[in-house]
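Reviewing the structure listed below.
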Amino acid sequence: MKFKAMLIAGAMSFVPMTAMAADLTIGFSQIGSESGWRAAETTVTKQEAEKRGINLKFADAQQKQENQIKAIRSFVAQGVDAILLAPVVATGWDNVLEEARDAEIPVILLDRTVDAPDDLYMTAVTSDLVHEGRVAGQWLVDETAGAKCDIVELQGTTGSSPAIDRKTGFEEAIAGHDNLTIVRSQTGDFTRSQGKVVMESFLKAVGGENICALYAHNDDMAVGAIQAIKEAGLKPGEDIKIVSIDSVPDIHLAMANGEANATIELTPNMAGPALDALEAYLADGTTPPKWIQTESKLYTLNDDNMAIYEMKKDLGY
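In mature numbering (1 follows the signal peptide of the UniProt record, and there is no 0), the protein residues as written are -21 to -1, 1 to 296.
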């Protein structure tokens, strides 16, 4: 059933929400599976769709924007009712989003934003990525308490909104604290393998004894870096403090073992709020805000990290 026709039918006949959802076909263009968090987002999105009786068409872009553009065009050609898009980078979306708009197919962004006119998508369901970076930076400000601390930074995928915003927030938080200095910063592409490789290069270039802290834009890179630190004969979490973002199970296991210090949660359930917004729009035309913010939380060694690990380990990470 086409989107506009479904909206009209729903408004006229007051079809129950669950019945309406069961008639929906939605395309989901996922970045890929570059991290445990990403895999969990995919799992939770599929669970949300199944729970609501939605026919979800899934496309894995394998970290390539051109694959996402092809997928969106395929969804448009198939006449889906809506599209969920987790964009791999922030730019280069205008043309394909215009095609979706012209076909009257609403697009909802998940966990990342795009540099495009906001009339090209219905809403974006994300955390406050800048805020996440600020929380990480403020944790380090408080943890060091004025002591000199040279920091190495593992950035996310170059050009992606999380990499841009998490760096911005962190730098804002440490600004004015002369004891904190970022001495090396390089992309680890959000993967464990590259996190390990780049951390190895940091250790060789700077010397492990000269690195006070690691800030990683996601937990997977931090987990890779932990391995590199251990192989260098150092103790992660002690010799080098580690703060990262996502709150995936393995970082909580590392924290339980004293090998990491802090993480900021990024919930993998972006689809729940996104589908709630879509269904409300279908039910009565309620237009969602352009940004639906999810909750973030700071976890430290003061939390029961083994319990958190047990709770999260079966969520698809």
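Don't be surprised by glycine CBs; every beta carbon is placed ideally from N, CA and C. From a predicted model like this one, the values you see are computed outputs, not experimental measurements.
From the options, pick the residue whose C-alpha is nearest to that of residue i; which is it?
i, options, result
"Q41", "D283, P66, A28", "P66"
"Q173", "M200, D229, C191, I153", "M200"
"L186", "A126, A207, G167, D168", "Here residue 186 turns out to be Gly, not Leu, going by the sequence shown. Here the closest residue by C-alpha is A207."
"E78", "I243, A38, D218, V59", "V59"
"L257", "S14, Q9, E27, T22", "E27"
"M177", "E122, V109, A204", "The question names Met, but residue 177 in the sequence shown is Val. It is A204 whose Cα lies nearest to the Cα of V177."
"N281", "E122, P96, V93, T21", "E122"
"A250", "A82, I243, T102", "T102"
"G216", "R91, I230, D107", "I230"
"V114", "T273, Q272, I224, M290", "I224"
"A152", "D90, V109, S140", "V109"
"Q9", "K36, G32, L3, R31", "K36"
"W72", "I48, T4, Q57", "I48"
"K127", "D39, I219, V68", "I219"
"V93", "D107, N74, T70", "T70"
"L159", "D129, T21, A253, I84", "D129"
"D107", "D255, M290, G125, T246", "T246"
"L254", "P267, T279, E244, A286", "P267"
"A56", "T4, N236, Q44, A235", "T4"
"G290", "L232, K175, K276", "According to the sequence displayed, residue 290 carries Met and not Gly. The residue with the shortest Cα to Cα distance from M290 is L232."
"A235", "A286, N74, V222", "A286"
Could you name the residues that DSSP lists as bridge partners for residue i?
i, result
"E244", "D225"
"P215", "I219"
"L277", "I243"
"residue 297", "Nothing in the structure corresponds to residue 297, since the chain is present only between -21 and 296."
"R163", "V131"
"A50", "Bridge partners of A50: none, in fact."
"L64", "S8, L88"
"W72", "Bridge partners of W72: none, in fact."
"F37", "F7"
"residue 297", "Because residue 297 is not part of the residues shown, which for the chain are -21 to 296, the question remains open."
"I271", "V104"
"A235", "Answer is none; A235 lacks a bridge partner."
DSSP three-state label for residue i, please.
i, result
"L261", "helix"
"F7", "strand"
"I190", "coil"
"Q117", "helix"
"I84", "coil"
"Q134", "strand"
"T92", "coil"
"T21", "helix"
"L294", "coil"
"A126", "coil"
"residue 301", "In the structure as shown, the chain starts at -21 and stops at 296, and residue 301 therefore has no counterpart that could be examined."
"I208", "helix"
"T147", "helix"
"A256", "helix"
Here's a check: name, in chain order, each residue in its chain whose Cβ is nearer than 8 Å to the Cβ of residue i, leaving out the five neighbours to either side.
i, result
"A(-11)", "The predicted model places A(-11) with a pLDDT of 34, which falls under 50 and marks its position as unreliable; any figure quoted below should be read in that light. Contacts found: A262, D263, G264."
"A18", "S12, G295, Y296"
"E150", "G112, G116, I161"
With a threshold of 16 other CB atoms inside 10 Å of the CB of residue i, please say whether the residue is buried or exposed.
i, result
"E29", "exposed"
"G155", "exposed"
"N240", "buried"
"F(-19)", "The pLDDT assigned to F(-19) is 43, lower than 50, so where the model puts this residue is not dependable, and the model offers no usable value."
"K269", "exposed"
"L(-15)", "Residue placement at L(-15) cannot be trusted, given a pLDDT of 39 that sits under 50; what the coordinates show is reported in the next sentence. It counts as buried."
"E132", "buried"
"A195", "buried"
"D157", "exposed"
"A50", "buried"
"D283", "exposed"
"E274", "exposed"
"A124", "exposed"
So, at 6 Å on beta carbons, what are the nonlocal neighbours of residue i in its own chain, with the 5 sequence-adjacent residues on each side left out?
i, result
"F54", "G6, I62"
"D90", "A65, T105, M249"
"T137", "T166"
"F169", "E13, S14, G135, T136, N197"
"V227", "G15, W16, D198, Y296"
"S139", "V68"
"A259", "T265"
"L182", "A211"
"E238", "I205, P215, G216"
Leaving out the 5 sequence neighbours to the left and right, which residues in its chain are closer than 7 Å to residue i when beta-carbon positions are compared?
i, result
"L76", "V86, A95, L99, Y100"
"D97", "K269"
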